[in-house]
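> The sequence shown maps to residues 0 to 359 in numbering that gives the first Met the number 0. Just so it is clear, CB atoms sit at the ideal spot from N, CA and C, and this is done for glycine as well.
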Amino acid sequence: MSDVPFRTIHEIVKAARLNLNQTSWDYLIGGSDTEATVKRNRLAIDSKALRPKVLNDVSEIDISSSILGRHLSIPVMLAPIGSLEVFSPGGGATAAIAAAEAGILSIASSLCSPTIEEIAAASNAAKIYQLYVRGDEKWVDDIITRVVNSGYDGFCLTVDTSVVSRRDRDIAKRVVPTSQPPDGDFTYQAKLNWADVARIRDKFDIPLILKGINRIEDAIRAAELGIDVIYVSNHGGRQLDQGPGAMDILPGIVNEVGSRASIVVDGGFYRGTDIIKAMALGASAVGLGRLQVWALAAGGAPALVSCMRILKHEIKTALALCGVAGFSELDASFVMDAPVTVAPDVFSAFPLLNLEDEGY
């Protein structure tokens with residue numbers, strides 16, 4: 000796969016902006032209602048500082064990790080993104096191809112193309128399939144059977160989307176109706192409950208992930224059901240407005256159930272130091288949503304691979320400067336509360352980003 004001449008992540012974000020029309024850009028960066036949760040995701044990350052150790056041998060750094068028995072070159076996964084094909088031809092298959100090249104895991108959204116089987120065939124890298132429930136038990140079982148038969152490493156239910164939120168940026172442009180989601184009937188998704196999760200857990204022999212956990216008691220219940228991965232997420236601030244930042248929720252859930260399940264977190268994670276903070280606080284891996292799409296919009300699979308290479312370099316450098324040779328040496332003592340240095344925003348991780356130069 001050919002290289003792309005990006006050297007910083009803010010260059011990738013800027014290239015994505017130049018390639019996208021206003022409607023697609025707003026869909027990507029926006030959140031629900033006042034977009035407070037979007038900002039709090041970054042606030043929760045930016046308000047934590049790293050405390051390094053010194054005089055440790057960091058001549059060799061191991062930045063790898065694993066989840067669900069699969070090796071990851073860095074502890075990140077590509078989060079499920081609906082309508083991914085709008086941003087890069089090939090949609091979920093393109094993301095899977097890039098993930099294979101980068102040595103990470105991808106999660107295919109049921110609201111993007113191509114099919115379950117085509118995404119699975121795109122690469123032999125670690126893959127999970129995510130589902131929004133839009134049919135009865137037989138419909139769900141047929142989907143999961145296809146997922147199992149296609150060789151996915153896990154099956155993910157998104158559980159924070161009983162209804163589709165109001166996203167003012169899109170509504171103001173009349174991009175989507177205000178009452179009916181564009182991707183089918185969500186009545187079944189609204190009915191989804193713990194009994195459904197238990198039924199799936201008992202019927203199918205595939206690792207199960209619940210995405211959208213925000214409360215400790217829900218994490219405990221998931222662990223009691225034998226859920227393999229508890230995915231802490233507020234949908235990137237695109238569902239419930241006025242929620243807390245995902246990073247602020249992470250430590251409590253890790254403390255309660257981290258010994259019984261893998262814990263994944265997403266929500267505004269864009270830089271190597273962001274990943275290190277989450278790992279120090281007990282995450283098993285970090286999901287990348289907007290960052291993934293910015294890279295795909297900037298230049299398809301090659302740009303996404305380039306972005307992951309930059310992220311790997313950032314992680315390796317920051318680990319060394321923290322005085323550790325790998326993630327196993329991190330713990331919560333490396334993180335402390337600290338004043339923010341920039342106003343929290345979807346772009347606050349990129350202080351050198353200047354979209355105004357291009358008229359945006």
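Cα-Cα, which of Pro4, Phe5, Glu10 is closest to Leu351?
Along the sequence shown, one-based indexing puts residue 351 at 352. Among Pro4, Phe5, Glu10, the Cα nearest to that of Leu351 is on Glu10.
> May I ask you to check if the CB of Lys315 is nearer than 7 Å to at least one heavy atom of the ligand GDP?
With respect to the ligand GDP, the structure shown offers nothing to examine, as it has no ligands at all.
> Counting only the same chain and skipping the five closest in sequence on each side, list residues whose C-beta sits under 6 Å from that of Leu303.
Position 304 of the sequence shown, counting from 1, holds the residue named residue 303. Correct list, in chain order: Ala97, Ala294, Leu295.
> So, for Ala14: in the same chain, excluding its five sequence neighbours on each side, which residues have a beta-carbon less than 6 Å away from its beta-carbon?
Start at 1 with the first residue of the sequence shown, and residue 14 comes out as number 15. If we look at Ala14 and ignore the five residues flanking it on each side, its Cβ neighbours are Ala297.
> Taking all protein chains shown into account, decide if Leu54 is buried (16 or more other Cβ within 10 angstroms of its Cβ) or exposed.
By one-based count along the sequence shown, residue 54 stands at place 55. Per the 10 Å Cβ criterion, exposed.
> Under 8 Å, do Phe268 and Ile275 count as touching if we go by C-beta distance?
Within the sequence shown, the letter at position 269 stands for residue 268. Within the sequence shown, the letter at position 276 stands for residue 275. Their beta carbons are not under 8 Å apart, which means Phe268 does not touch Ile275 by this criterion.
> Less than 8 Å between the C-beta atoms of Val228 and Ala245, yes or no?
For the purposes of this step, residue 228 is identified with residue 229 of the sequence shown, where counting begins at 1. For the purposes of this step, residue 245 is identified with residue 246 of the sequence shown, where counting begins at 1. Their beta carbons are not under 8 Å apart, which means Val228 does not touch Ala245 by this criterion.
> With a CB to CB cut of under 7 Å and the five nearest residues on each side skipped, what residues in its chain are close to Leu280?
In the sequence shown, counting from the first residue as 1, residue 280 sits at position 281. These residues qualify, in order along the chain: Leu249, Pro250, Val253, Ala331, Val334.
> Could you tell me whether the Cβ atoms of Ile309 and Ile62 are closer together than 8 Å?
In the sequence shown, counting from the first residue as 1, residue 309 sits at position 310. In the sequence shown, counting from the first residue as 1, residue 62 sits at position 63. No, these two residues do not count as a Cβ contact at 8 Å.
> So, under 8 Å CB-CB, Asn285 and Val75 are touching, yes? Tell me the CB distance rounded to an integer number of Å.
As a first step, residue 285 is located in the sequence shown; it is residue number 286 there, counting from the start. As a first step, residue 75 is located in the sequence shown; it is residue number 76 there, counting from the start. Note that residue 285 is Val in the sequence shown, not Asn. Indeed, because the Cβ distance is near 5 Å, the residues count as touching under 8 Å.
> Return the chain-ordered ranges of every beta strand (DSSP E) run that is complete within the region 323-349 and spans a minimum of 3 residues.
Fully enclosed beta strand (DSSP E) runs of 3 or longer: 334-336.
> Sorted by chain position, which residues of the same chain lie with C-beta nearer than 8 Å to Arg220's C-beta, five sequence neighbours on each side aside?
Within the sequence shown, residue 220 is the residue found at index 221, counting from 1. Result list for Arg220: Trp193, in chain order.
> Among Pro51, Asn40, Thr7, Ala35, which one has its Cα closest to the Cα of Cys321?
Indexing the sequence shown from 1 puts residue 321 at position 322. Among Pro51, Asn40, Thr7, Ala35, the Cα nearest to that of Cys321 belongs to Pro51.
> Do you know how far the Cα of Asn213 is from the Cα of Ile226?
Within the sequence shown, the letter at position 227 stands for residue 226. Within the sequence shown, the letter at position 214 stands for residue 213. Spanning the two alpha carbons is a distance of roughly 15 Å.
> Does the distance from the C-beta atom of Asp344 to that of Arg168 stay below 8 Å?
Here residue 344 refers to the residue found at position 345 of the sequence shown. Here residue 168 refers to the residue found at position 169 of the sequence shown. Result no, Cβ atoms of Asp344 and Arg168 do not sit closer than 8 Å.
> What's the gap between the Cα of Pro243 and the Cα of Asn40?
If you number the sequence shown from 1, residue 243 lands on position 244. If you number the sequence shown from 1, residue 40 lands on position 41. For Pro243 and Asn40, the distance between alpha carbons rounds to 7 Å.
> Do Arg166 and Gly257 have their beta-carbon atoms positioned less than 8 Å apart in this structure?
Numbered from its first residue, the sequence shown carries residue 257 at position 258. Numbered from its first residue, the sequence shown carries residue 166 at position 167. No. Outside cutoff.
> Consult DSSP for Tyr269 and reduce its assignment to one of helix, strand or coil.
As a position in the sequence shown, residue 269 is number 270, starting the count at 1. Coil at Tyr269, not helix or strand.
> Quick check on Leu320: does DSSP put it in helix, strand or coil?
Residue 320 sits at position 321 when you count from the first residue of the sequence shown. If DSSP states are grouped into helix, strand and coil, Leu320 belongs with the helices.
> Helix, strand or coil: how does DSSP classify Asp61 here?
In the sequence shown, the residue the question calls residue 61 occupies position 62. Here Asp61 sits in strand by DSSP.
> Please return the same chain residues whose Cβ sits closer than 8 Å to the Cβ of Arg69, not counting the five positions on each side in sequence.
Taking the sequence shown and counting its residues from 1, the one referred to as residue 69 is at position 70. Within the same chain, Arg69 has close Cβ partners Leu104, Ala125, Asp152.
> Buried or exposed: Asn148, going by 16 or more other Cβ atoms within 10 Å of its Cβ?
Position 149 of the sequence shown, counting from 1, holds the residue named residue 148. Asn148 is exposed by the Cβ-count criterion.
> Under the rule that 16 or more other beta-carbon atoms within 10 Å means buried, what is Ala101, buried or exposed?
Here residue 101 corresponds to residue number 102 of the sequence shown, with the count starting at 1. Classification for Ala101: buried.
> Just tell me which of Asn18, Thr33, Asp45 has its CA closest to the CA of Phe346.
The residue you call residue 346 lines up with position 347 of the sequence shown. When each option's Cα is compared against that of Phe346, the closest is Asp45.
> Quick one: using the 10 Å Cβ neighbour count with 16 as the cut-off for buried, is Gln179 buried or exposed?
In the sequence shown, residue 179 corresponds to position 180, counting from 1. At Gln179 the pLDDT is 42, less than 50, meaning the model places this residue with poor confidence; the figure from the coordinates comes in the next sentence. When all chains shown are included, Gln179 counts as exposed.
> Near Val85, what residues of its chain come up, given a Cβ to Cβ distance below 7 Å and the 5 sequence neighbours on each side ignored?
The sequence position of residue 85 within the sequence shown is 86, counting from 1. Cβ within range, chain order: Ser23.
> Give every residue of the same chain whose Cβ lies closer than 6 Å to the Cβ of Ile208, excluding the five residues on either side of it in the sequence, and list them in chain order.
Here the question's residue 208 lines up with position 209 in the sequence shown. Taken in chain order, the residues that qualify are Gly153, Cys155, Val228, Tyr230.
> So, with DSSP's three-state summary, where would you put Val231?
Reading the sequence shown from its first residue, position 232 is the one you call residue 231. It is a strand residue.
> For the beta strand (DSSP E) containing Gln69, name the first residue and the last one.
Position 70 of the sequence shown, counting from 1, holds the residue named residue 69. Checking the sequence, you will find Arg at residue 69 rather than Gln. Element bounds for Arg69: 69-71.
> What residue does the beta strand (DSSP E) around Thr157 start on, and which one ends it?
The residue labelled residue 157 in the question sits at position 158 within the sequence shown. Thr157 -> beta strand (DSSP E) spans 153-157.
> Quick one: using the 10 Å Cβ neighbour count with 16 as the cut-off for buried, is Ala121 buried or exposed?
As a working note, residue 121 is residue 122 in the sequence shown. Answer is buried; the Cβ neighbour count reaches 16.
> Secondary structure at Tyr187, three-state DSSP: helix, strand or coil?
Taking the sequence shown and counting its residues from 1, the one referred to as residue 187 is at position 188. Here Tyr187 sits in helix by DSSP.
> Tell me the residue span of the alpha helix (DSSP H) that contains Val256.
Position 257 of the sequence shown holds residue 256. Here the alpha helix (DSSP H) through Val256 covers 245-256.
> Would you report the Cα separation of Thr177 and Ile170, rounded to the nearest angstrom?
By 1-based counting over the sequence shown, the position of residue 177 is 178. By 1-based counting over the sequence shown, the position of residue 170 is 171. Low confidence applies to Thr177: its pLDDT is 39, below 50, so where it sits in the model is not reliable enough to give any reading.
> Expressed to the nearest angstrom, what Euclidean distance is found between the alpha-carbon atoms of Pro181 and Ser161?
Start at 1 with the first residue of the sequence shown, and residue 181 comes out as number 182. Start at 1 with the first residue of the sequence shown, and residue 161 comes out as number 162. Caution applies to Pro181, whose pLDDT of 46 falls short of 50 and renders its modelled position unreliable; the value that the coordinates give is listed next. When rounded, the distance between both Cα atoms is 15 Å.
> With distances taken Cα to Cα, identify the nearest neighbour of Ile80 among Ser261, Ala324, Tyr128.
Within the sequence shown, numbered from 1, the residue matching residue 80 stands at position 81. Ranking Ser261, Ala324, Tyr128 by Cα distance to Ile80 puts Tyr128 first.
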